[in-house]
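Numbering (this note's numbering), first residue to last: 6 to 334.
Each residue gets a CB set at the ideal place from its N, CA and C atoms; glycine is no exception.
Computed from a predicted structure; not experimentally measured.
Data block below; observations after.
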Amino acid sequence: MKKRIVITGAAGFLGSHLCDRFIAEGYRVVGIDNLITGDIRNIEHLFPLEDFEFYNHDVTTFVHVSGNVDYILHFASPASPIDYLKIPIQTLKVGSLGTHNLLGLAKEKDARILIASTSEVYGDPLVHPQTEEYYGNVNTIGPRGVYDEAKRFQESITMAYHRFHGLETRIVRIFNTYGPRMRLNDGRVIPAFIGQALRGEDLTVFGDGLQTRSFCYVDDQVEGIYRLLLSDYSLPVNIGNPNEITILDFAKEIIKLTGTDQKIIFKELPKDDPLQRQPDISKAKEILGWEPKVSRAEGMKTTYQYFKGLTQEELFKSEHKDFSKHNRL
Ligand code: UDP
């Protein structure tokens, strides 16, 4: 009997790669997405498969899945700072109400559930690199609070279901991840810079560009999540690439990669933009035998190829997505 897995956020960047991975591993995959930030084209190739089902559903309302379920991956959430500024209430709801519904489904089905958490639970960290033991430095009422606190609540309720109901739970803290199928106009730095280079625009570095990030290629991220799901470890695990770079140096790398002669221009730093971020991945190494394999040079090359394959129309329709028709509470 094939195992059956429910993946929320299935049409999103990470969700769609996870659907591919679990199909390839011989699972039956039930994808759920309300397509606010996700894009059906990311999973269109899976529709002809017998082992793939898809439901257009908002998981902040009751989630029903008929039949047996062995595993659940909860990956539905806006994940870019610009998205969650535009749809703050949905961001809070999917992390809180959505997680509650999926934990309920896991309990009902006696399924193991893995929750997508984030390095944002560390806020603007005062400890560097960030270990899982660090409690974070988060502004509850700042613009990022809607995402950060939803994810922190998500971790709390997941641990409560684990401790109180004995549910099998896993928590992955995802650090900046990139690769094909990121939304060009989601405002995150990699699609932003590549889009700008392809359109012949200057690259917009926020602040002085000395803030750091550590970018993980999507295949590495998916491998880490896969191993964590199948492990027996229920406390949070960081999955990310520790190779840290300043945003300014990264902009210079993009200019080299794309072979363009774009200039770098500086714009205002968004409020509460973390100054540095780098995962301590000792736990993932020790418990999952995992570490990233794909270098930034390699991963960025593949990612650039993907964005180069977009049509001119897609490339120039790059203003931020209009969520107004979804803005019902
Ligand atoms: N950033 C930038 N220019 C852009 C978009 C982002 O300099 O056009 C910066 C942003 O201020 C942050 C970093 O790049 O310091 C990563 O931003 P992103 O939105 O990708 O994710 P974050 O790690 O902040 O959640």
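Paired residues, beta bridge with Asn-243 - DSSP: In DSSP, Asn-243 forms a bridge with Arg-178.
Inter-residue spacing [alpha-carbon to alpha-carbon] between Val-35 and Leu-78: Going from the Cα of Val-35 to the Cα of Leu-78 covers about 10 Å.
Which residues DSSP lists as bridging Pro-284, in chain order: In the DSSP output, where bridge partners are listed per residue, Pro-284 has Gln-135.
Under the three-state DSSP convention, the category Asn-190 falls into: DSSP places Asn-190 in coil when its eight states are reduced to three.
Closer than 7 Å: Gly-192 CB and nearest the ligand UDP heavy atom: Yes, the ligand UDP has a heavy atom inside 7 Å of this Cβ.
8 Å CB neighbourhood of His-4 in its chain, flanking five on each side removed: A question about residue 4 goes unanswered here, because the residues of the chain that appear run from 6 up to 334.
DSSP bridge partner residues for Thr-13 (one or two, in chain order): In DSSP, Thr-13 forms a bridge with Ile-37, His-79.
Outcome for Pro-53 when other beta-carbon atoms lying within 10 angstroms are tallied against a minimum of 16: Classification of Pro-53: exposed, given that the 10 Å Cβ count is below 16.
Beta-bridge pairing of Arg-218 - partner residues as DSSP gives them: In the DSSP secondary-structure assignment, Arg-218 is bridged to Ile-250.
Buried or exposed (CB count within 10 angstroms, at least 16 for buried), His-4: Within the shown structure, residues of the chain are numbered from 6 to 334, placing residue 4 beyond reach of any answer.
Of the listed residues Lys-8, Gly-109, Pro-284, His-325, nearest to Glu-138 (C-alpha basis): Considering only Lys-8, Gly-109, Pro-284, His-325, the residue with the shortest C-alpha distance to Glu-138 is Pro-284.
Three or more C-beta pairs below 8 Å linking the stretch 79–89 and the stretch 11–26: A contact exists between the stretch 79–89 and the stretch 11–26.
Cβ contact check for the stretch 310–323 and the stretch 166–183: 3 or more pairs under 8 Å: Segment contact: the stretch 310–323 against the stretch 166–183, fewer than three CB-CB distances shorter than 8 Å; contact not assigned.
Length-filtered (3 minimum) beta strand (DSSP E) runs lying within the stretch 93–160: Within the stretch 93–160, the complete beta strand (DSSP E) runs of at least 3 residues are 117–123.
Identified DSSP bridge partners for Ile-340: Residue 340 cannot be examined here, being either before or after the span of the chain that is shown, 6 to 334.
Cα-Cα separation between Ile-118 and Asp-88, rounded to whole angstroms: So the alpha carbons of these two residues sit roughly 25 Å apart.
Meets three-Cβ-pair contact criterion under 8 Å: the stretch 199–209 and the stretch 259–277: The stretch 199–209, when compared against the stretch 259–277, does touch it at the 8 Å Cβ threshold.
Beta-carbon separation (whole angstroms), Val-177 vs Ser-122, contact threshold 8 Å: Correct: roughly 6 Å between the Cβ atoms.
Integer-rounded CB distance, given that Tyr-309 should sit under 8 Å from Leu-262: The beta-carbon distance between Leu-262 and Tyr-309, rounded to whole angstroms, is 6 Å. This is short enough to meet the 8 Å contact definition.
Beta-carbon gap between Thr-65 and Val-151 smaller than 8 Å: Not a contact, by the Cβ cut-off of 8 Å.
First through last residue of the beta strand (DSSP E) which encompasses Tyr-60: First-last of the beta strand (DSSP E) with Tyr-60: 57–61.
Cβ neighbour criterion (16 or more within 10 Å) applied to Ala-155: Buried.
Per-residue burial, Asn-39 [other beta carbons within 10 Å of its own, 16 or more giving buried]: Flag for Asn-39 reads buried.
Beta bridge counterpart(s) of Tyr-183 as assigned by DSSP: Its beta-bridge partners are Tyr-222.
Other residues of its chain near Val-299: CB distance less than 7 Å, five sequence neighbours each side excluded: Excluding residues within five positions, the ones whose Cβ falls inside 7 Å are Tyr-222, Asp-224, Asp-225.
Extent of the continuous alpha helix (DSSP H) to which Arg-26 belongs: Here the alpha helix (DSSP H) through Arg-26 covers 18–29.
8 Å Cβ cutoff met for Ser-21 and Arg-218: No, Cβ-Cβ distance for Ser-21 and Arg-218 is not below 8 Å.
Of the residues Arg-193, Lys-290, Gly-304, Glu-173, the one placed nearest Glu-324, counting alpha carbons only: Of Arg-193, Lys-290, Gly-304, Glu-173, the residue nearest in Cα terms is Arg-193.
Cα-Cα separation, Ile-37 to Ala-16: Cα-Cα distance, rounded: 8 Å.
Segment contact, 8 Å Cβ cut-off, at least three pairs: the stretch 126–135 with the stretch 275–283: Per the Cβ contact rule, the stretch 126–135 is in contact with the stretch 275–283 (3 or more Cβ pairs under 8 Å).
Heavy atom of the ligand UDP within 7 Å of Gln-216 beta-carbon: Yes, the ligand UDP has a heavy atom inside 7 Å of this Cβ.
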